[in-house]
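Asker:
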Amino acid sequence: MNNAGHIYVSDSTLVDYEQQSVYHLVVEAASAVETNPAGEFLAYTKVIVALKDINDNEPQFLQQLYTTAVHEGLAKGSFVLQVGLAHNTSFICPLHVSAVDADAGENAGITYSIVSGNQDSAFAIDMNGNILTNMQLDREIVDEYKLTIMATDGGARPMSGTTIVHVKGFSNLNFQIDQHTLF
Ligand SMILES: [Ca+2]
Ligand SMILES: [Ca+2]
Ligand SMILES: [Ca+2]
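With the sequence shown counted from 1, adding 34 to any position gets you the working numbering.
(1) Strictly by DSSP, which residues pair up with G118?
(2) In chain order, what residues of the same chain lie with their CB nearer than 6 Å to the CB of G163, ignoring the 5 residues before and after it?
(3) Starting from the C-beta of A63, find all residues in its chain whose C-beta is less than 6 Å away, skip the five residues before and the five after it, and write them out in chain order.
(4) Taking its Cβ as the centre, do 16 or more other Cβ atoms sit within 10 Å of I82, making it buried, or is it exposed?
(5) Output the boundary residues of the beta strand (DSSP E) element that contains L166.
(6) Looking at F75 and A185, is the spacing between their C-beta atoms short of 8 Å?
(7) Can you give the Cα-Cα distance for V49 and Y42, rounded to whole angstroms?
(8) What I want to know is whether the C-beta of E106 ends up closer than 7 Å to one or more non-hydrogen atoms of ligand 1.
(9) Among Y57, D45, N168 and A142, which residue has its Cα nearest to the Cα of D154?
(10) Could you tell me if the beta carbon of G189 falls within a distance shorter than 7 Å of some heavy atom in ligand 2?
(11) Would you report the Cα separation of S112 and L166, rounded to the nearest angstrom?
(12) Do V201 and V114 have their C-beta atoms closer together than 8 Å?
(13) If you run the structure through DSSP and keep just helix, strand and coil, what is G195?
(14) Compare the Cα-Cα distances from E174 to each of L181, D87, H105 and E52 and report the closest residue.
(15) Starting from the C-beta of E52, find all residues in its chain whose C-beta is less than 6 Å away, skip the five residues before and the five after it, and write them out in chain order.
(16) Using a Cβ-Cβ cut-off of 6 Å (strictly less than) and excluding sequence neighbours within five positions of G188, which residues of its own chain qualify?
(17) Using the C-alpha atoms, what's the distance from K80 back to Y57?
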């Protein structure tokens, strides 16, 4: 703070919205000794400084690689499934990719898209990160896909992160639980 009463940032490297977004300051005003030789008068006020978030964090996927198998012949619009494990019990759920972003508001709002590996647009991804089939898969034509999924935030200068979804092991049989190929 300077003598004119302006509050300014003395070291911007120490100001980080993600660490502390609100500062409660107490400002002291002291009368100049020459205007009041008897002694200085003091007054105080509180100043609340609320930082605005900037988009300085990119979305980060919880996993760098997701692997699963599907069986061919699924109708268009079917969820691609994966096997999960909870409390020592395996379960089958839609394959769901998920990214987190440390910013706030739009700067942390995430949109998912498939940016490469999606031969013939075989797959689609919904707004929640679920992967769906976009056509009937035929392993005689393509038996493996390596999809690059991108998460892009809603910042004015968007930032993004990527992950890989490896879909392999097509089969006409019912979905087989094989944790070695899945994790
Ligand atoms: Ca920051
Ligand atoms: Ca962000
Ligand atoms: Ca930020």
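Even for Gly, the Cβ is constructed at its ideal location relative to N, Cα and C.
As the structure is a computational prediction, the values presented were derived from the model and not from experiment.
Answerer: To lay it out plainly:
(1) F125
(2) H130, V131, S132 and Y146
(3) A77
(4) exposed
(5) I165 to T167
(6) no
(7) 11 Å
(8) no
(9) N168
(10) yes
(11) 5 Å
(12) yes
(13) strand
(14) H105
(15) A136
(16) E140 and G143
(17) 10 Å
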